[in-house]
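Asker:
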Amino acid sequence: MKRSRVNEILREGAEFIRSFGYVLPPFADWTPDDMKHRSGAIGGIVDARLGWDITDYGAGDFARRGLFLFTARNGAVEDLKQGRGMLYAEKIMISRRDQVAPMHKHAVKAEDIINRGGGILCIELFASAPDGEIDRTAPVTVPTDGIRRHVDAGGILRLAPGESVTLLPGVWHAFWGEEQDVLIGEVSTVNDDLTDNIFADPIARFSQIEEDEAPHRLLVSDYPTWL
Ligand SMILES: [Fe+2]
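Just so we're aligned, residue 0 is where the sequence shown starts under numbering that gives the first Met the number 0, counting upward by one.
1. For His36, verify whether its CB is less than 7 angstroms away from any heavy atom of ligand 1.
2. Are Ala62 and Ile91 touching if we call contact CB-CB under 8 angstroms?
3. Between which two residues does the beta strand (DSSP E) holding Gln81 run?
4. Which of the three DSSP states is assigned to Asp25 in this structure?
5. Compare the beta carbon distance of Asn114 and Ser163 with 8 angstroms and say whether it is the shorter of the two.
6. Going by DSSP in three states, Ser163 sits in which element: helix, strand or coil?
7. To which residues does DSSP link Phe205 through a beta bridge?
8. Below 8 angstroms on the Cβ atoms is my contact criterion, and I expect Ile8 with Phe67 to pass it. Report the Cβ-Cβ distance as a whole number of Å.
9. Any idea which residues DSSP pairs Arg96 with across the strands?
10. I need the straight-line Cα distance from Ala152 to Thr30, nearest angstrom please.
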């Protein structure tokens, strides 16, 4: 993706988030220079990979296959291993109408995906077969706001604003907005996007950025090279 397009998506996404009255933490507004000047004091942001994350999954067609994310908090893998401490993470995301976050599962992370407003959030679901691959025949049962719901293999769960689903490790899922854009919350166990996204197709988690203008904000994936 061109940096100019990333900047445009970022501005539009921030405005969409604001339109629901959701207020982002202070570091959301920091410029790349702000972050560089604070680099000695922001290890808690950089190391936990908090902040902006815009991806087209390397496919170059963001409107059809992509996701807009902001990680607001994220715990520590070491705490997760010990079973106590900061075991949790939170993101706010946007799925635009018919913009698919492609089929994937997590080996470690359990996540609640929450429709925070906008359109209907569609989530396509499959169970894992014993070998971990997609089970194309077994039905899937997932908790949704305290109530267990069942879908056939490849069935689509439709969540209205306010509704949520709990996806445990191993549940394959893809999601998109239906007819309208959707603001999505994610509350999860510790998040590691470098290692814990297993995609059904061989695709990348992060975009390659072509630098055609200065970044408006740094993406999480920029931190290793820009800071
Ligand atoms: Fe996921």
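All residues carry an ideal CB built from backbone N, CA and C; glycine is no exception. This structure is a prediction, so every number in the text was calculated from the model and none was measured.
Answerer: If we stick to the structure as given:
1. no
2. no
3. From DSSP, Gln81 is part of no beta strand (DSSP E) but of the alpha helix (DSSP H) over Val76 to Gln81.
4. A small correction: the amino acid at residue 25 is Pro; Asp does not occupy that position in the sequence shown. In this structure, Pro25 counts as helix in the three-state DSSP scheme.
5. yes
6. strand
7. Phe205 is not bridged to any residue.
8. 6 angstroms
9. Gly176
10. 45 angstroms
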